[in-house]
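Chains as they are written, first to last, in the working numbering: chain A, 1 to 396; chain B, 1001 to 1307; chain C, 2001 to 2247. Glycine included, every Cβ here is placed at the ideal spot set by N, Cα and C. Small disclaimer: the values here were computed from a predicted structure and weren't measured.
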Amino acid sequence: MVMNFMYERILGGKNGAIGIAILAVLIIIILPLALDLFRLNLVGKYLTYAFAAVSLVLLWGYGGILSLGQGVFFGLGGYCMAMFLKIEASDPVTTSIQSTPGIPDFMDWNQLTELPWFWVPFNSFSFTILAVLLVPTIFAFIIGFSMFKRRVGGVYFAIITQIIAVILTVLIVGQQGYTGGINGITDLKTIHGWDIRDDSSKYILYFINAFLLFGVIFLSRYILTSKFGRLLLAMKDKEDRVRFSGYDVSNFKIFVFCLSAMISAIGGAMFTLQVGFMSPSFVGIVPSIEMVIYAAVGGRMSLIGVVYGTLLVNFGKTIFSETFPELWLYLMGALFIGVVMFFPNGLAGIWQKHGTKLVACVKKMQCVSHVKAMIETRRAGSKPAARLNAENVSGE
Amino acid sequence: MGDYTTQELLSIFAMQGFAGFSLFSVLLLMALGLAIIFGQMGVINMAHGEFMAVGAYTTYLMSAMSEKYFPGFIQYYFVFAIIASFFIAGFLGYLAELALIRHLYKRPLDTLLATWGLSLIMQQSFRSIFGAREVSPTLPDWLLGSYQPTETIDIPLNGMFVLALTLVVTVGVFILMYRSSWGLRVRATTQNRVMSGAVGINTKKIDRLTFALGCGIAGIAGAAFTTIASTGPTTGSLYIVDTFMVVVFGGAGSLFGTIFSAFSIAQAQSILEFFISGSMAKVFTLLTIVIFLMLRPEGLFASKVRK
Amino acid sequence: MTNTNFVLAIEDLTVSFDGFKAVDSLNLYLDKDELRVVIGPNGAGKTTVLDLICGKTKSTSGSIKFKSYELTDLAEHEIVNAGVGRKFQTPSIYENLSVYENLEISFPKGRGVFGSIAFKNTPEVDARIKEVAAEIFLGEFLDMESALLSHGQKQWLEIGMLLIQDPELLMLDEPVAGMSVKERDQTEDLLTRICKGRSVLVIEHDMDFVAKIAHKVTVLHQGRILAEGDMRSVQNNPDVIEVYLGH
């Protein structure tokens, strides 16, 4: 019973389980072995963006709600974590050369003489964790409640999320003394005394991040395979009809928006831990719309697909920015247009349409060669070489 | 506040108010083009800022050509530059509609993403053609300097020119949309596409021309913009969110709403800027608008369009 | 004042759009287990009355009492949960879901956010879905994507989606419109079955069909009641003949 539940609802049946397995092998085994620490850290960074992409599968893919402000929640989560780490890095001993020791350096430069009131609770780690989870969620609740109860949706909602992203960016940049301004909160060192800049820490953080990402994917899978998930799809298709079936549509939208905010925020917090800083350049319009492109390229209906999409687009960005920087923006622009016009369900959509046929074809070809080998060995009278095995396991 | 004399305060208000007017003109010119495209056609054009930049770069080009080949012309090229900006931006808009937009009318969210992609491509094109640094055309003499009605009030001439231009364009748009038969066809197509097609209106052509018109007006905005600031590849993206906000705040279908909205936002920001810091003024203005939109999503003056 | 013996009591209901009164001081009373057919020329306000009852349109004035609920105060989903089911004129189903999933979504359990996440498709639920599917002639089509159904089948599916909620007041807007003759017969059979034990309000144009099923007929014209009574008296009413039925 429980096994069945696990299999169907959390892993997503046969296809889902295989997809998760392949991704897990890639992220947990192959990449850490194949890449040096620097590149692995980069992957870890990209995987934090993937949290936002996963959140968009729920919100946009299934819910049909386009948010161009997921950076807001990513940033809020990241800043909460950064505040905790900064306080720890600004103990009176290390900061003894400041006019006011014991407070973050940027506050000192801005002539603040004590920790602002809203920084004080971040002395506590448990508060910080709660804040990472709850602050963005409450924020999303306020926004969602005021908009969805009034039936604001579609384009208007998207534009308003953009405006909110601008508001937060301008606020952070403008209030240098309280937020670190445009440079953000930097120079983060330890968490509870544990140095996050060490090599071993970076490995551990990478795995924690991967673990959390899978956790978030499982949670989303559980929700999407429930009646709730089917309702989201129904609302995307015919919102009025759902209302007339007795559902308060706005509650569902508010919930999925809050959940997507929380997921993005976790990504933001992990970003701060792995990269060691947080700045407003991850909060505004541009990063928010990039998160949308990760989801669009990977496949906005596929939880696994968007992770690949995030990795692909970010690797592409890194590679192209080094070798052909001019080409990259053209490519990104073309990606936006291409995804919308030609492959709206992203790579996952292409895989579903063509990939399964391809796999079946390959399997058939192998069957033929396998049979041939069997015939040969019968003739030769010896055991066949076990060379076909590795390729056979492909599955999906 | 208490440090200034009444006279000085009035002068400050006048100048800040006028600075607000300048901002108002640019916002309105941008918003007019977008109001036509979004308000009339329901199309979200995230590349609208880039069409404005096309106008600005066109003006710069004409200025550079004038300087190089027709030095005597430099005093007169500006008016031609405005006209050229309109047509070039309009033409590019026509092409964009043909290649891209017309496939996406039923999918507004996708139009948003696709036009964002277009804006990236256009930005990079600017970078490749004109370089990453900001450029400015050489302004003719009659645009430089300022007008001083009293000793303490100093009103820049370029600001007045932009304001006058905005007035002309706004009136022109009004006449076109509400008093011409072409405008009638556009409005008919917006309100009931099927019926319009049934009575013989070529809705596809109307769409294309409307979109081109919106982009053309953005081009004029760009030309006007060069009198106030320099232009770089990312200049367009600086104004796009503000422009959308103006259109949505004013009420997407209403010309008057757009005007009123641009005016109040520009004035609110300019006046606030004097008393609190620039960034907080912006935050406050934006926040007020967002809260307003949450309470009244259809904007200030919603047009009564029956679905 | 209001007589609480009625299942549905509409009193002085008016809705005006920009000055045009689509429904004008309407009074209509529906008994328990009554099947009322509303007829009238196009533009008489028939669909608007249904819109007002189910909450799709907000009235300008007047009251709609369903059992003990004042419907003009409630939101659409609350009206549904009170026991009112409405079938729309053009089939309104979830095209990208299967027949089974369409019915499952309409199942009146797990209506809240957390309820829907925790919703378990128990054998009882499954049995009920299959039962309703059989009633609406779609027992063999449970796994088919509903976009692929015929027009008539889509209408049946929508009726099924209402049935599964077991509403006390069922409202059907032109249930046989656009159906083939065979589908029409099947629908007649279906409607006769489901109308037992609940109050039904039907809008229809097919007079033969109306004659077969109606207990009472109400004729609407320009937002007001022109005539009301059993089918025979309405058919012989000179005003009705003038305005609608023709000579």
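By the beta-carbon neighbour count (other beta carbons within 10 angstroms, threshold 16), C:E2124 is exposed. Secondary structure of A:P92 (DSSP, three-state): coil. Selection A:W328, A:V72, A:R300, A:D198 evaluated against A:I172 yields A:V72 as nearest (Cα-Cα). CA-CA distance, A:S220 to C:S2116, rounds to 14 Å.
With a cut-off of 8 Å on Cβ pairs, the segment 1060-1074 of chain B is in contact with the segment 1124-1139 of chain B, counting three or more such pairs. B:W1142 carries a helical assignment under DSSP once its states are collapsed to helix, strand and coil.
Contacts with chain C (Cβ-Cβ distance below 9 Å) from the segment 205-229 of chain A involve Y222, I223, S226, K227, F228, G229, listed in chain order. For B:P1156, there are no neighbours in chain A by C-beta distance under 7 Å, as the nearest C-beta there is about 26 Å away.
Against chain A, the beta carbon of B:H1048 has no neighbour under 9 Å; the closest one sits roughly 13 Å away.
Excluding residues up to 5 positions away in sequence, A1053, Y1057, P1233 lie with their Cβ nearer than 7 Å to the Cβ of B:F1126 in the same chain.
Looking only at C:K2212, C:Y2094, C:L2220, C:I2064, the smallest Cα-Cα distance to C:M2161 is reached by C:Y2094.
Annotated as distal: A:G346 and A:G267, with beta-carbon spacing of 8 Å or more. Cβ neighbours of A:W194 within its own chain (closer than 8 Å, five residues either side excluded): S201. Residue contact check for A:S245 against chain C: a CB pair falls below 8 Å. Counting along the chain, the unbroken alpha helix (DSSP H) around B:L1213 starts and ends at 1203-1225. Here B:V1290 is buried. Its C-beta has 16 or more other C-beta atoms within 10 Å. Bounds of any beta strand (DSSP E) do not take in C:H2151; it lies within the alpha helix (DSSP H) bounded by 2151-2163. Taking 8 Å as the cut-off, the beta carbon of C:K2087 is found no closer than this to the beta carbon of C:I2164. Per DSSP, the beta-bridge partners of C:A2227 are C:V2219. Under the DSSP assignment, B:F1174 falls in the alpha helix (DSSP H) whose first and last residues are 1157-1179. Scanning its chain for C-beta atoms nearer than 6 Å, with the 5 sequence neighbours on each side dropped, one finds no residue around B:S1181.
For chain A, the residues of the segment 1271-1291 of chain B that bring a beta carbon within less than 9 Å of one of its beta carbons are S1277, G1278, S1279, M1280, K1282, V1283, L1286, L1287, I1289, V1290, I1291, in chain order.
Taking 9 Å as the upper bound on Cβ-Cβ separation, chain A lies near residues A2075, E2076, H2077, E2078, I2079, V2080, N2081, G2085, R2086, F2088 of the segment 2070-2090 of chain C. Contact with chain B is absent for A:A261, since none of that chain's Cβ atoms lies less than 8 Å from the residue's Cβ. For B:S1128, the uninterrupted alpha helix (DSSP H) run begins and ends at 1108-1130, by DSSP.
When only Cα atoms are considered, B:I1036 and B:F1211 end up about 8 Å apart. In terms of beta-carbon proximity, B:S1128 lines the interface with chain A, with at least one pair separated by less than 8 Å. In this structure, the CA atom of B:I1101 is about 7 Å from the CA atom of B:T1111. For A:I254, no CB of chain B lies under 8 Å from its own CB, so it is not counted at the interface with that chain. The beta-carbon of B:L1113 is placed less than 8 Å from the nearest beta-carbon of chain A.
Unbroken alpha helix (DSSP H) stretches of 4 residues or longer found wholly inside the segment 1002-1045 of chain B: 1006-1034, given in chain order.
Within the same chain, and ignoring the five residues on either side of A:S226 in sequence, the residues whose Cβ sits closer than 8 Å to its Cβ are R9.
For a cut-off of 8 Å, the C-beta gap from A:L188 to A:L85 is around 4 Å, short enough to register as a contact.
For C:Y2094, no alpha helix (DSSP H) run applies, since DSSP gives it neither H nor E.
For A:V166, the nearest beta carbon of chain B is closer than 8 Å to its own beta carbon.
In this model, B:L1295 and B:T1235 are separated by some 32 Å (Cα to Cα).
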